[in-house]
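Under the working numbering, the first residue of the sequence shown carries the number 21, and numbering increases by one thereafter.
Yeah, the Cβ is synthetic: ideal placement off N, Cα and C, and Gly gets one too.
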Amino acid sequence: MTLPRFTPSRSLASVALATACAAVAAGCGGDVPANSVAKVGDSNITKEEFNRWLKNAASGQSQGGTAVVPDAPEFKKCTAALKKQAAGQKGAPKQSDAALKKQCKQQFDSLKGEVMQFLIQSQWVQQEAGERDVEVSDAEVKKSFDDQRKKAFPKPADYKKFLADSGMTEDDILFRVKLDQLQTKLTQKVTKDKVKITDADIEGYYKKNKKRFAQPTRRDLNVVLTKTKAKAETAKKQLDDGKSFKTVSKKLSIDQASKGQGGKLPDLVKGKQDPALDKAAFAAKKGKLEGPVKTQFGYYVFEVAKTKPASQQTLSEARDTIRNLLRSQRQQKALNSFVKDFRKKYKDKTKCASDYRVAECKNAPKQSTNSAPGGAPGQAPPGGGAPQQAPPGGAPQQAPPGAGAPQQAPPGAGAPQQAPPGAGGQAAPQGAAPPTQAPQGSGAAPSTPSSPTP
């Protein structure tokens, strides 16, 4: 679970508004100062700060074009800007001022939700880090930023262009990098003492899931897949005439995965592919050219290159795999528990001005769609429409540093079987249970995600 990247808020509270709101707390957001949109504990998120990030978000959506920032509540500048844009587009239907104003309001409401989550959750992370004595030095932030910037923008001019297009400053980006690192360190601290795995734990898991470490009989094939039977017959004739599978596959096959491997389709397991190919492949003799076999994907011409007998991974061979799996599961369990308490704790401390309420606010609207499923923070940072070559800490197309793969895949869930065998996507999801086809003696653990951040 990942928090987006945010910005700090350090504004002073307005005593005057707090007094004024005492009589009508529900109407003006509790004791939120007049110059602020929200208050988290003793820290305020100012309107100035909100407007700055709103502009960043609007710039990100513009994809390098002219940013139209919705200026609530009258939207005069926004309406005028949209009208000017429409005038410059040939054939564009003319819209009334009322229709353009409605567009501006819709854009504002959408961006407002993103920005409020962004700013509120940044406070949550900073305050929790402060309570747990989690710190990130300026040197750590700068090093991470420099490393990521060089990868995302090898040319300095590209980076400058991104800053101009996105509306962000380097300080904005540095802060987002800092938040990423705080999240990573918080995660490490929360899960540090929760991942001790004993030999008894490993042995117990192995005994309960021994079948998952068994390898069924497998076959390696050389294949050519074509759309038509006539093409398959042509391929078979060329193979009969002595041409290699690599040559014929490159010229005639429509299966890009096996074609890229010289026609090789390794490790077929009985019952795991198209029924017609499955039946033919496991009935064929090694080295004999077979086909065409009609399947849902087309016509196969193939030969069995190698047969592999069934096997069973031993406890010793599976030990590292199981240790990593159990560690990942326990980290996730500890993190889920922390996140639940974390959200409740800080939501109770978060009060929002009435026009800026989102799901993270204690006085949130009864029905809100601004939050990730289950109320888990997970929205992209404002400016999520920025170019794909986003800078470190601001890349909407990349997982933030320290973030792991999504944890919603069920254990043992494999890839959908709607692609031709060998078309890729067969790896078990990160954090999933060991595949039922773990290599004999590999001892290798499935890739274990970095623990998602709170």
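Segment limits, alpha helix (DSSP H) that includes residue i
i      : result
CYS98  : 96–107
ALA159 : 158–172
ASP219 : 219–228
ASN55  : Careful: ASN55 lies outside any alpha helix (DSSP H) and carries neither H nor E.
PRO295 : 295–301
VAL359 : 335–367
GLN276 : 276–279
LYS292 : It is not in any alpha helix (DSSP H) - LYS292 carries neither H nor E in the DSSP assignment.
TYR179 : 176–186
6 Å CB neighbourhood of residue i in its chain, flanking five on each side removed
i      : result
LYS216 : none
ALA43  : Reliability of the predicted coordinates at ALA43 is poor, the pLDDT of 32 falling under 50, and the value obtained from them is presented with this limitation in mind. No residues qualify anywhere along the chain.
ALA38  : Residue placement at ALA38 is poorly supported in this model, since its pLDDT is 32, which falls under 50; the coordinates still yield a value, given next. Cβ within range, chain order: ASP51.
PRO236 : VAL289, ALA330
VAL268 : VAL244, ALA255, GLN258, LEU259
GLN437 : Because GLN437 sits at a pLDDT of 36, beneath the cut-off of 50, its placement in the model cannot be relied upon, and the following sentence gives the value as read from the coordinates. Closer than 6 Å at Cβ, skipping near neighbours: no residue.
LYS305 : none
ASP129 : none
VAL156 : LYS198, GLN201, LEU202
ASP287 : ARG238
PHE302 : LYS290
GLN127 : PRO90
ALA415 : The predicted position of ALA415 is uncertain, since its pLDDT is 33 and thus under 50; a value taken from the coordinates is nonetheless stated next. Cβ neighbours of ALA415 beyond the five flanking positions: none.
ASP16  : With the chain running from 21 to 474 in the structure shown, residue 16 is simply not present.
LYS249 : PRO312, TYR319
Spatial neighbours of residue i in its chain, beta-carbon cut-off 8 Å, leaving aside the 5 residues before and after
i      : result
LYS125 : PRO90, ALA92, PHE95
LYS483 : This structure cannot settle anything about residue 483, because the visible part of the chain is limited to 21 through 474.
ALA112 : ALA106
LYS308 : GLU323, VAL324
LYS364 : none
THR99  : ASP117, LEU120, LYS121, CYS124
LYS170 : none
ASP131 : Correcting the residue type first, residue 131 is Leu in the shown sequence and not Asp. Excluding residues within five positions, the ones whose Cβ falls inside 8 Å are LEU74, ALA77, ALA78, GLN81, PRO90, PRO402.
Same chain, Cβ closer than 7 Å to residue i, five either side skipped, listed in chain order
i      : result
LYS371 : GLY49, GLY50, ASP51, VAL52, ALA58, LYS59, CYS381, LYS382, ASN383
PRO385 : ARG377
LYS97  : ASP91
ASP294 : THR315, GLN316, PHE317
ASP221 : LEU346
ILE274 : LEU245, THR246, LYS247, GLY318
Segment limits, beta strand (DSSP E) that includes residue i
i      : result
CYS124 : That residue, CYS124, is in no beta strand (DSSP E); its alpha helix (DSSP H) goes 117–151.
TYR319 : 318–328
THR370 : 370–372
GLY80  : Segment 67–81 is the alpha helix (DSSP H) holding GLY80; no beta strand (DSSP E) there.
ASP287 : 284–289
PRO312 : 310–315
Contact check, residue i vs residue j, beta carbons under 9 Å
i      : j      : result
THR327 : ALA296 : no
GLU134 : ALA77  : yes
GLU310 : ALA300 : yes
LYS251 : LEU285 : no
ALA149 : LYS114 : no
TYR376 : MET136 : yes
GLN143 : ILE65  : yes
GLY61  : LYS369 : yes
PHE195 : LEU139 : no
SER79  : ASP191 : no
LYS270 : GLY282 : yes
ALA154 : LYS209 : A small fix is needed here, since residue 154 is Val in this sequence, not Ala. Going by C-beta atoms, VAL154 is nearer than 9 Å to LYS209.
GLU223 : LEU335 : yes
ALA354 : LYS214 : yes
THR207 : ARG350 : no
Cβ-heavy atom distance, residue i to the ligand ATP, below 8 Å
i      : result
TYR376 : Among the components modelled here there is no ligand, and therefore nothing to report on the ligand ATP.
Do three or more CB pairs link the segment 238–245 to the segment 256–270 at distances below 8 Å? The segment 238–245 and the segment 256–270 touch, with no fewer than 3 CB-CB distances between them shorter than 8 Å.
Could you give the uninterrupted runs of the beta strand (DSSP E) lying entirely in the segment 193–266, keeping only those of 3 residues or more? Within the segment 193–266, the runs of beta strand (DSSP E) at least 3 residues long that lie entirely inside it are, in chain order, 238–246.
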